[in-house]
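Here the structure is laid out as structure tokens; the discussion comes afterwards.
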Amino acid sequence: MSRAFLALLLRDLRLAARLGGGGGMAVFFFLVVIAIVPLGVGPDRPLLASLAPGMLWVALLLAALLTLDRLFQADYEDGSLDLLSTGPLPLELVAVAKALAHWIVTGLPLVVSAPLLGVLLNLPSAAALPLTLAMLIGTPALSFLGSVGAALTVGIRRGGLLASLLVLPFYIPVLIFGVGAAAAASGGFEGEAGRQAFLLLGAVTLASFAVGPLAAAAALRANLR
Amino acid sequence: MAGMSSLSAAQRFHAYANPARFMALSSRLVAPLGMLSALVIAAGLWFALVASPPDYQQGETVRIMYVHVPSAWLAMFGYSVMAVASAVALIFRHPLADVAAKSAAPIGAAFTFLALVTGSLWGRPMWGTWWEWGDARLVSMLILLFLYLGYMALWATIEEPVRAARAAAVLALVGSINLPVIRYSVDWWNTLHQPASVFRMDGPTIASSMLLPLGLMALGFTVLFVTLLLVRMRAEIMRRRVRNLRLARAASGAGA
Chain A
22 MSRAFLALLL
32 RDLRLAARLG
42 GGGGMAVFFF
52 LVVIAIVPLG
62 VGPDRPLLAS
72 LAPGMLWVAL
82 LLAALLTLDR
92 LFQADYEDGS
102 LDLLSTGPLP
112 LELVAVAKAL
122 AHWIVTGLPL
132 VVSAPLLGVL
142 LNLPSAAALP
152 LTLAMLIGTP
162 ALSFLGSVGA
172 ALTVGIRRGG
182 LLASLLVLPF
192 YIPVLIFGVG
202 AAAAASGGFE
212 GEAGRQAFLL
222 LGAVTLASFA
232 VGPLAAAAAL
242 RANLR
Chain B
2 MAGMSSLSAA
12 QRFHAYANPA
22 RFMALSSRLV
32 APLGMLSALV
42 IAAGLWFALV
52 ASPPDYQQGE
62 TVRIMYVHVP
72 SAWLAMFGYS
82 VMAVASAVAL
92 IFRHPLADVA
102 AKSAAPIGAA
112 FTFLALVTGS
122 LWGRPMWGTW
132 WEWGDARLVS
142 MLILLFLYLG
152 YMALWATIEE
162 PVRAARAAAV
172 LALVGSINLP
182 VIRYSVDWWN
192 TLHQPASVFR
202 MDGPTIASSM
212 LLPLGLMALG
222 FTVLFVTLLL
232 VRMRAEIMRR
242 RVRNLRLARA
252 ASGAGA
């Protein structure tokens, strides 16, 4: 079973590396959104610095949403999802492998590029490290909760847009605790609230590990019958 | 029907799963329930608008509360009905449960919208602004509206009813797990940003002159919700029958 899991994970990573698209596009989208923020709110450096953690998180959420529709859709279209559902691996573990691959391919590059894009928004250097750490803790939840939305809309035409609408409310706790954790270190408020935010962010991610694959597998079963 | 009393609880549960029996029962219930809700709401409105005194602090604007609070209560009640019905649909494959869940969503969304609008109307004189991000309840209500709309969008997008029912049930259940987390996160966010002194809706105590219209309105709105739910469920069952008849006719037409 663990060999089948590993094979699926490696297959997804290999597909992503050779086909391109997914992760690179998400980072490019992230860059473009961050670049147009100063064009919208003006070049005032202190204002940009105070907006930076929140804007980085919002842009990261949007970039992660953009890649959700490919999570199951390509496998659904070429029939591999049907094969996977009859294979030795339970559908729940298939969902875990797909969500994990999605995080490695899109979540991780987004986290790595966030502090670099922070320079564009005059992010205070003291905030760069906690922000990156918070994103590292929070982004797996985006992939695991996102897999539910992707599984619910698999096989629907223009399902990507619907998946974004379904998933975005579920991302709100990640956004709130993520920004809270980042703001704590840059002096927004006292240390205790920041520590709390980190712990709560971790709790949300762990809960998404538990709920996400179960719900995604149930949704896939509904859509594959 | 004579042997009804000798049925076990589980058998009775499945007896009402028969849509024909539901249609017969509900057709007799809709009119009396509708009249009851109209009477109770009329009585509640009379006490709320005429017979109760204005609040010593909030003045006449307190009367918005008599619509706002029951709407907010039904917004959450509607989601619970949806979530429980979805769980029953997924676990027991009860054929009426997904009809109930689908029918509850637009009603709950309407009450959520009503709660938001009345909250906003109340906020204008009390807070001096139409929208106050500092009030966690307003923000969570908005997110609840998003959840309702997403659920309805999923139903509207998937054509085949059985597949749509399963997918929507999964979404409703994930939403019901997430709702407390979202609510807590909004509360937490709110305490960090220390809102400007906001009047709380729940004063220290509620005078009995206000409790009577509030209770009547809550009761009336709840009966109204049940009535609308029955009407929508009947419409949904008929819609499915029409769909099946159309499909059957199309199939036989293609064969001839």
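One line per chain: the protein sequences are A and B, in this order. So for the first sequence, this note's numbering puts the first residue at 22; every next one is plus one. So for the second sequence, this note's numbering puts the first residue at 2; every next one is plus one. C-beta: ideal position from N, C-alpha, C; glycine also.
Boundaries of the alpha helix (DSSP H) in which residue i is found, first to last residue
i                 : result
LEU34 of chain A  : 23-40
ILE42 of chain B  : 20-47
SER87 of chain B  : 66-93
TRP128 of chain B : 98-128
LEU129 of chain A : 129-141
TYR192 of chain A : Taken as a continuous stretch (DSSP letters only), TYR192 of chain A belongs to no alpha helix (DSSP H), as it is neither H nor E.
Helix, strand or coil at residue i according to DSSP, with G and I counted as helix
i                 : result
GLY63 of chain A  : coil
GLY176 of chain A : coil
GLY254 of chain B : helix
GLY100 of chain A : coil
GLY60 of chain B  : strand
ALA197 of chain B : Because the pLDDT of ALA197 of chain B is 45, which lies under 50, any placement of that residue in the model is unreliable, and the number read from its coordinates should be weighed accordingly. The answer is coil: DSSP assigns ALA197 of chain B none of H, G, I, E or B.
ILE178 of chain B : helix
ASP90 of chain A  : coil
TRP124 of chain A : helix
ASP188 of chain B : helix
GLU133 of chain B : coil
PRO162 of chain B : helix
SER53 of chain B  : coil
PRO161 of chain A : helix
LEU215 of chain B : helix
GLY201 of chain A : helix
ARG246 of chain A : coil
PRO145 of chain A : coil
LEU69 of chain A  : helix
GLY108 of chain A : coil
GLY204 of chain B : The pLDDT assigned to GLY204 of chain B is 49, lower than 50, so where the model puts this residue is not dependable, and the model offers no usable value.
LEU77 of chain A  : helix
Among the options, the one whose alpha carbon lies nearest that of residue i
i                 : options                                   : result
LEU145 of chain B : B:ALA165, B:ARG167, B:ALA52 and B:ARG184  : B:ARG184
ALA137 of chain B : B:ALA169, B:ALA106, B:VAL187 and B:VAL163 : B:VAL187
THR160 of chain A : A:LEU245, A:VAL62 and A:TRP78             : A:TRP78
ALA171 of chain A : A:ALA149, A:PRO74, A:LEU60 and A:LYS119   : A:LYS119
PHE93 of chain B  : B:ARG167, B:VAL31 and B:PRO214            : B:ARG167
ALA165 of chain B : B:THR192, B:VAL31, B:TRP131 and B:ARG241  : B:ARG241
ALA38 of chain A  : A:VAL232, A:LEU163, A:THR127 and A:LEU154 : A:THR127
GLY45 of chain B  : B:ARG64, B:ASN179, B:TRP132 and B:ASN19   : B:ARG64
LEU138 of chain A : A:ASP33, A:ALA56 and A:MET22              : A:ALA56
PRO130 of chain A : A:LEU157, A:LEU104, A:VAL58 and A:LEU105  : A:LEU157
SER81 of chain B  : B:LYS103, B:LEU34 and B:MET127            : B:LYS103
PRO145 of chain A : A:GLY100, A:LEU183, A:LEU68 and A:SER106  : A:LEU68
VAL169 of chain A : A:LEU154, A:VAL232 and A:LEU196           : A:VAL232
PHE147 of chain B : A:ARG66, A:ALA162, A:GLU213 and A:SER185  : A:SER185
GLU133 of chain B : B:ALA169, B:ASN191, B:ALA106 and B:VAL51  : B:ASN191
GLY109 of chain B : B:PRO126, B:LEU143, B:THR130 and B:MET127 : B:LEU143
LEU212 of chain B : B:VAL68, B:MET234 and B:PRO33             : B:VAL68
PRO20 of chain B  : B:PRO33, B:GLU160, B:ALA101 and B:PRO107  : B:ALA101
LEU152 of chain A : A:VAL54, A:ALA218 and A:PHE26             : A:ALA218
ALA86 of chain A  : A:GLY215, A:SER164 and A:LEU227           : For clarity, residue 86 of chain A is Leu in the given sequence; the question names Ala instead. Out of A:GLY215, A:SER164 and A:LEU227, A:SER164 has the C-alpha closest to the C-alpha of LEU86 of chain A.
(message) Does the segment 213-233 of chain B come into contact with the segment 38-56 of chain B, if we say contact requires no fewer than three beta-carbon pairs (one atom in each stretch) closer than 8 Å?
(response) Contact between the segment 213-233 of chain B and the segment 38-56 of chain B is present: 3 or more CB-CB pairs across the two stretches fall below 8 Å.
(message) Any contact between the segment 162-178 of chain B and the segment 115-125 of chain B? By contact I mean 3 or more CB pairs, one from each, below 8 Å.
(response) The segment 162-178 of chain B makes no contact with the segment 115-125 of chain B, as fewer than three CB pairs between them are under 8 Å.
(message) Below 8 Å, how does it come out for the segment 195-206 of chain A and the segment 66-78 of chain A: are there three or more Cβ pairs, yes or no?
(response) Counting Cβ pairs under 8 Å, three or more are found: they touch.
(message) Count Cβ pairs between the segment 169-188 of chain A and the segment 227-245 of chain A that sit closer than 8 Å; are there 3 or more?
(response) Contact holds: three or more Cβ-Cβ distances are below 8 Å.
(request) Taking 8 Å as the threshold, find out whether the segment 80-100 of chain A comes into contact with the segment 178-194 of chain A through three or more Cβ pairs. (result) Touching, yes.
(message) For the pair the segment 103-121 of chain A and the segment 222-238 of chain A, tell me if three or more CB-CB distances fall below 8 Å.
(response) By the Cβ criterion, the segment 103-121 of chain A is in contact with the segment 222-238 of chain A, since at least three pairs of Cβ atoms, one from each stretch, lie closer than 8 Å.
(request) Check whether the segment 233-248 of chain B touches the segment 18-34 of chain B, taking contact to mean three or more Cβ pairs, one atom from each stretch, closer than 8 Å. (result) Result yes; three or more Cβ-Cβ pairs closer than 8 Å.
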